[in-house]
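*Asks:*
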Amino acid sequence: MIAQVARSGAVVGSDEQRLLAAAEGVLLALRRYTPQAAADELRTAARRHGVPLSTIALALVDLASCRPVEGTPGPAHVAAQEEWGALLGNAEAAAA
Numbered sequence: 001m002i003a004q005v006a007r008s009g010a011v012v013g014s015d016e017q018r019l020l021a022a023a024e025g026v027l028l029a030l031r032r033y034t035p036q037a038a039a040d041e042l043r044t045a046a047r048r049h050g051v052p053l054s055t056i057a058l059a060l061v062d063l064a065s066c067r068p069v070e071g072t073p074g075p076a077h078v079a080a081q082e083e084w085g086a087l088l089g090n091a092e093a094a095a096a
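Everything in the sequence shown is counted per UniProt numbering, starting at 1 for the first residue and increasing by one.
Below is the structure:
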């Protein structure tokens, strides 16, 4: 896993900046965004779904890397699926 995740789902420690950069990189590649536009989209999605920025960033990185979610997906993973699943060609998003 890219980052340590606390029980609350929040990323802890210095991994947060790397995680945010990785999530922004996904959006840079997929949407050909500027770094600022990618950061803005992540913040907007986090606010819209009421989840911490670091957890939606982790969920986007998990989704982009096709990393399976253990157990029931949390709110951030559901939000990432809704926001970017179709863009990533995810079958679950295409069926929704």
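We put the beta carbon where it would ideally sit given N, CA and C, even for glycine.
From valine 78 to alanine 64, what distance separates their C-alpha atoms?
*Replies:* 14 Å
*Asks:* Can you tell me where the alpha helix (DSSP H) holding arginine 18 begins and where it ends?
*Replies:* 15-31
*Asks:* Do the segment 45-65 and the segment 19-27 meet, that is, are 3 or more Cβ pairs less than 8 Å apart?
*Replies:* yes
*Asks:* Measure the beta-carbon distance from isoleucine 56 to alanine 37 and round it to whole angstroms, keeping in mind my assumption that it falls under 8 Å.
*Replies:* With a Cβ gap of about 16 Å, isoleucine 56 and alanine 37 do not count as contacting.
*Asks:* Thinking C-beta only, is proline 52 closer than 8 Å to alanine 46?
*Replies:* yes
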